[in-house]
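**Q**
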Amino acid sequence: MAKYLLLKHYRGAPAPVNDVPMAEWTPEEISAHIQYMNDFAARLEKTGEFVDSQALAPEGTFVRYDGEGRPPVTDGPFAETKDVIAGWMVIDVDSYERAVELAGELSAAPGAGGRPIHEWLELRPFLGAHPTVTE
Amino acid sequence: MDEALLRSLTPGVLTVLVRRGVDFAAAEDAVQDALVEAVRVWPAERPRDPKGWLVTVAWRRFLDATRSDAARRRREERVEEEPAPGPAPASDDTLRLYFLCAHPSLTPSSAVALTLRAVGGLTTRQIAQAYLVPEATMAQRISRAKRTVSGVRLDRAGDVATVLRVLYLVFNEGYSGDVDLAAEAIRLTRQLKAAIDHPEVAGLLALMLLHHARRAARTAPDGSLVPLAEQDRGTWDTRAIAEGVRVLQLALAQDRLGEYQAQAAIAALHADALSAEETDWVQIVEWYDELVRLTGSPVVRLNRAVAVGEADGPRAGLAALADLDASLPRHTAVAAHLHERAGDLATAARLYAEAAHRAPNLAERDHLTRQAARLNARRPR
Chain C
8 MAKYLLLKHY RGAPAPVNDV PMAEWTPEEI SAHIQYMNDF AARLEKTGEF VDSQALAPEG
68 TFVRYDGEGR PPVTDGPFAE TKDVIAGWMV IDVDSYERAV ELAGELSAAP GAGGRPIHEW
128 LELRPFLGAH PTVTE
Chain H
593 MDEALLRSLT PGVLTVLVRR GVDFAAAEDA VQDALVEAVR VWPAERPRDP KGWLVTVAWR
653 RFLDATRSDA ARRRREERVE EEPAPGPAPA SDDTLRLYFL CAHPSLTPSS AVALTLRAVG
713 GLTTRQIAQA YLVPEATMAQ RISRAKRTVS GVRLDRAGDV ATVLRVLYLV FNEGYSGDVD
773 LAAEAIRLTR QLKAAIDHPE VAGLLALMLL HHARRAARTA PDGSLVPLAE QDRGTWDTRA
833 IAEGVRVLQL ALAQDRLGEY QAQAAIAALH ADALSAEETD WVQIVEWYDE LVRLTGSPVV
893 RLNRAVAVGE ADGPRAGLAA LADLDASLPR HTAVAAHLHE RAGDLATAAR LYAEAAHRAP
953 NLAERDHLTR QAARLNARRP R
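These protein sequence lines map, in sequence, to chains C and H.
Counting the first sequence from 1 gives a position; the numbering used here is that position plus 7.
Counting the second sequence from 1 gives a position; the numbering used here is that position plus 592.
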């Protein structure tokens, strides 16, 4: 019973095996990809392991405090930002091994030519609750 | 509206239905419906016979569900001939329910969810909130668990150890949301103890009570962790401690030692000390030796190294630590603590920071970061 975040990167992860930009796929290949993602989430809900899934717009704004009584400063997006998150899925599973297995399945989503993308997903454990028994 | 009463009646109501020939999954659904109905209706008028009321409503819900399913008509005719609510189920029935919900074919998270619902009488929503997952996910987890055990017959006793592991998991999750999982685990273990005479069940109950007694002292008002040695012992719940010690002594007297009794014995020795300095670390090390013998667990060996450090000095603790795999969770934190006690503050500060980086939860990470900061602030820069 541990939660993991599966992070999908627009940029910043190593190149996938089937590295063709989505815009160059056929419309059917795009549909098949989206269907795969939806089916995956639906399947995880059925196994009782799904928590949340969200996609993010590729470009955001950087914001910081600028002192008492002043509006926050906004800046960006910055072209040099190396790591851009495309979206995430949160799962609640019994073991690290199960989390790896599921991330592997999600990475097999079909891309160009209907072949798996072999995309690198980043798997990050949540910091969980502090256990009651410690000594 | 007495939710505790309602929940304590759950396993009994469920077994009445199962004994009338209703399959476990359908019976469990019907009981859940009846519980939800009771929460709605009882505040206005509580029935004179709460259990009879629940059985009647659950039975009606089951019949409604069966009627709506034409393919099951034949079975409906059969069950409707069954008699009205029988006598209260024997504790054996409750016991079998525990075994079923902790069946080895279930994953730990499924066993926990099913136990909390079918034995504990919690609603799916409450369980989902306690484990911070969507209600739909928890509902699926539970119905999947019920499908997994649907072929298991309720007529055979299982392994008590599997049930105890599930209850221990629930207890150790602590509490989040409006359900106090630790208190719920204690209630379920108490109920199990009433159904079966087994020293390890008593050992687990004692362990839970002794740790629960210290709960208020474990966290500062700002939410930060307070280590055992720095806890205000005046805030420990002395009644829970007294009960825990009594339960443990009766269990130990049966002379069938197990890991929960040994863990409880260690907790009892801590509870017994009026101040951290008065802790009987020599005896605690002896109990850890028993635990190592019983479990062989590397985590136990790690905790033993801490105790050795207190009983025989930090050098001895570090020597005990040297035999253990450095990749064990909390190994670095223990090393930091022992180095600090040995007077090597620079190493301790570095190790605390490293341990914080690897901490498995936020409270521990913050605690270890503070430890590193405390030592760094004392050193000239």
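Note that the Cβ used here is the ideal one computed from N, Cα and C, for glycine as well.
1. Tell me which residue opens and which closes the beta strand (DSSP E) that Glu902 of chain H is part of.
2. How is Arg71 of chain C classed by DSSP in three states: helix, strand or coil?
3. Would you say Arg616 of chain H lies against chain C (beta-carbon separation less than 9 Å)?
4. Taking Cβ-Cβ distances below 7 Å as the criterion, which residues of the segment 885-897 of chain H are in contact with chain C?
5. Of all the options H:Ser889, H:Leu842, H:Val818 and H:Ala618, which has the alpha carbon lying nearest to the alpha carbon of Asp958 of chain H?
6. At least one CB of chain H closer than 9 Å to the CB of Asp46 of chain C: is that the case?
7. Tell me the rounded alpha-carbon separation between Thr716 of chain H and Ala86 of chain C.
8. With a floor of 4 residues, list each alpha helix (DSSP H) that falls wholly inside the segment 907-948 of chain H, ordered by position along the chain.
9. Ordered along the chain, which non-local residues of its own chain (more than five positions away) have a Cβ less than 6 Å from that of Tyr944 of chain H?
10. According to DSSP, is Arg962 of chain H helix, strand or coil?
11. Since Arg782 of chain H contacts Leu797 of chain H with CB under 8 Å, what's their CB separation in whole angstroms?
12. On a Cα-Cα basis, can you pick out the residue from H:Val608, H:Leu761 and H:Ala857 that is closest to Leu842 of chain H?
13. When you compare the CB of Ala911 of chain H with every CB in chain C, is at least one pair closer than 9 Å?
14. Measuring CB to CB, does Leu646 of chain H end up less than 9 Å from Val605 of chain H?
15. Taking the straight line between their C-alpha atoms, what separation do you get for Pro79 of chain C and Gly67 of chain C?
16. Once the 5 residues before and after Leu801 of chain H are set aside, which same chain residues still bring their CB inside 6 Å of it?
17. With a CB to CB cut of under 8 Å and the five nearest residues on each side skipped, what residues in its chain are close to Glu674 of chain H?
18. For Ala49 of chain C, which of C:Pro117, C:Met96 and C:Thr81 has the nearest alpha-carbon?
19. For Val741 of chain H, does the three-state DSSP call read helix, strand or coil?
20. CB-CB under 8 Å to Ala64 of chain C, same chain, minus the five flanking residues each way: which ones, in chain order?
21. How is Ser816 of chain H classed by DSSP in three states: helix, strand or coil?
22. Tell me Phe57 of chain C's beta-bridge partners as DSSP assigns them.
23. Go through its chain and collect everything with a Cβ distance to Val892 of chain H's Cβ below 7 Å, but skip five positions before and after it.
24. Using 10 angstroms around the beta-carbon of Ile734 of chain H, count the other beta-carbons present and answer buried if the total reaches 16, otherwise exposed.
25. Check whether the segment 36-52 of chain C touches the segment 107-123 of chain C, counting contact only when three or more Cβ pairs, one atom from each stretch, lie closer than 8 Å.
26. Which residues mark the beginning and the end of the beta strand (DSSP E) in which Asp625 of chain H is found?
27. Taking a cut of 7 Å between CB atoms, which residues from the segment 100-118 of chain C lie near chain H?
28. Going by beta carbon distance, what residues of the same chain come within less than 6 Å of Asp829 of chain H, once the five residues before and after it are set aside?
29. Does the segment 612-629 of chain H come into contact with the segment 51-63 of chain C, if we say contact requires no fewer than three beta-carbon pairs (one atom in each stretch) closer than 8 Å?
30. Quick check on the burial criterion: 16 or more other C-beta atoms within 10 angstroms. Buried or exposed for Lys89 of chain C?
31. Alpha carbon to alpha carbon, how far is Ala941 of chain H from Val898 of chain H? Give it in angstroms, no decimals.
32. Pick out whichever of C:Leu134, C:Gly94 and C:Gly74 has its Cα sitting closest to the Cα of Leu954 of chain H.
33. Count the other CB atoms, across all protein chains shown, that sit within 10 Å of the CB of Ala680 of chain H; report buried if there are 16 or more and exposed otherwise.
**A** In this structure, then:
1. Your numbering for residue 902 of chain H matches position 310 in the second sequence. That residue, Glu902 of chain H, is in no beta strand (DSSP E); its alpha helix (DSSP H) goes Pro890 to Asp904.
2. For the purposes of this step, residue 71 of chain C is taken as the residue at position 64 of the first sequence. In this structure, Arg71 of chain C counts as strand in the three-state DSSP scheme.
3. By 1-based counting over the second sequence, the position of residue 616 of chain H is 24. As written in the sequence, residue 616 of chain H is Phe, which differs from the Arg given in the question. When Cβ-Cβ separations below 9 Å define contact, Phe616 of chain H makes no contact with chain C.
4. Asn895
5. For this step, residue 958 of chain H is matched to residue 366 along the second sequence. Measuring from the Cα of Asp958 of chain H, the nearest candidate turns out to be H:Val818.
6. Counting from one through the first sequence, the residue named residue 46 of chain C turns up at place 39. No - not a single Cβ of chain H is within 9 Å of the one on Asp46 of chain C.
7. As a first step, residue 716 of chain H is located in the second sequence; it is residue number 124 there, counting from the start. As a first step, residue 86 of chain C is located in the first sequence; it is residue number 79 there, counting from the start. In a straight line, the C-alpha of Thr716 of chain H is about 47 Å away from that of Ala86 of chain C.
8. 923-933
9. Locating residue 944 of chain H in the second sequence gives position 352, where the first residue counts as 1. The answer, listed in chain order, is Ala928, Leu960, Gln963 and Ala964.
10. The residue given as residue 962 of chain H occupies position 370 in the second sequence. If DSSP states are grouped into helix, strand and coil, Arg962 of chain H belongs with the helices.
11. The residue given as residue 782 of chain H occupies position 190 in the second sequence. The residue given as residue 797 of chain H occupies position 205 in the second sequence. The Cβ separation is near 6 Å, so the contact holds.
12. Residue 842 of chain H sits at position 250 when you count from the first residue of the second sequence. It is H:Ala857.
13. Residue mapping note: residue 911 of chain H aligns to position 319 of the second sequence, counting from 1. So no, Ala911 of chain H is outside the interface.
14. Stepping through the second sequence from its first residue, residue 646 of chain H is reached at position 54. Stepping through the second sequence from its first residue, residue 605 of chain H is reached at position 13. For Leu646 of chain H and Val605 of chain H, yes; Cβs fall inside 9 Å.
15. Taking the first sequence and counting its residues from 1, the one referred to as residue 79 of chain C is at position 72. Taking the first sequence and counting its residues from 1, the one referred to as residue 67 of chain C is at position 60. Between Pro79 of chain C and Gly67 of chain C, the C-alpha separation is close to 15 Å.
16. The residue you call residue 801 of chain H lines up with position 209 of the second sequence. If the five residues before and after Leu801 of chain H are omitted, its C-beta is found closer than 6 Å to the C-beta atoms of Ala832, Glu835 and Gly836, all from its own chain and listed in chain order.
17. Sequence index remark: in the second sequence, residue 674 of chain H carries index 82 (1-based). Model confidence at Glu674 of chain H stands at a pLDDT of 46, short of 50, so the residue's coordinates are unreliable and nothing is read from them.
18. Mapped onto the first sequence, residue 49 of chain C falls at position 42. Residue C:Met96 is the option with its Cα nearest to Ala49 of chain C.
19. What you label residue 741 of chain H is simply residue 149 of the second sequence in a count that begins at 1. In this structure, Val741 of chain H counts as coil in the three-state DSSP scheme.
20. Translated into the one-based positions of the first sequence, residue 64 of chain C becomes position 57. None.
21. In the second sequence, residue 816 of chain H corresponds to position 224, counting from 1. Ser816 of chain H falls in the coil class under three-state DSSP.
22. What you label residue 57 of chain C is simply residue 50 of the first sequence in a count that begins at 1. Paired residues: C:Ile98.
23. The residue labelled residue 892 of chain H in the question sits at position 300 within the second sequence. Cβ neighbours of Val892 of chain H beyond the five flanking positions: Tyr880, Leu883 and Val884.
24. By one-based count along the second sequence, residue 734 of chain H stands at place 142. Result: buried.
25. yes
26. One-based indexing of the second sequence puts residue 625 of chain H at position 33. Note, Asp625 of chain H: premise wrong, no beta strand (DSSP E); alpha helix (DSSP H) at Phe616 to Val633.
27. Here the close residues are Asp101.
28. The residue labelled residue 829 of chain H in the question sits at position 237 within the second sequence. Result list for Asp829 of chain H: Ala805, in chain order.
29. No, the segment 612-629 of chain H is not in contact with the segment 51-63 of chain C.
30. Start at 1 with the first residue of the first sequence, and residue 89 of chain C comes out as number 82. Classification of Lys89 of chain C: exposed, given that the 10 Å Cβ count is below 16.
31. To locate residue 898 of chain H, count along the second sequence from 1; it is residue 306. To locate residue 941 of chain H, count along the second sequence from 1; it is residue 349. Going from the Cα of Val898 of chain H to the Cα of Ala941 of chain H covers about 18 Å.
32. To locate residue 954 of chain H, count along the second sequence from 1; it is residue 362. Of the candidates C:Leu134, C:Gly94 and C:Gly74, the one whose C-alpha sits nearest the C-alpha of Leu954 of chain H is C:Leu134.
33. Mapped onto the second sequence, residue 680 of chain H falls at position 88. Only weak support exists for where Ala680 of chain H lies, its pLDDT of 49 falling under 50; the value from the coordinates is given anyway. Exposed, because fewer than 16 other Cβ atoms sit within 10 Å of the Cβ of Ala680 of chain H.
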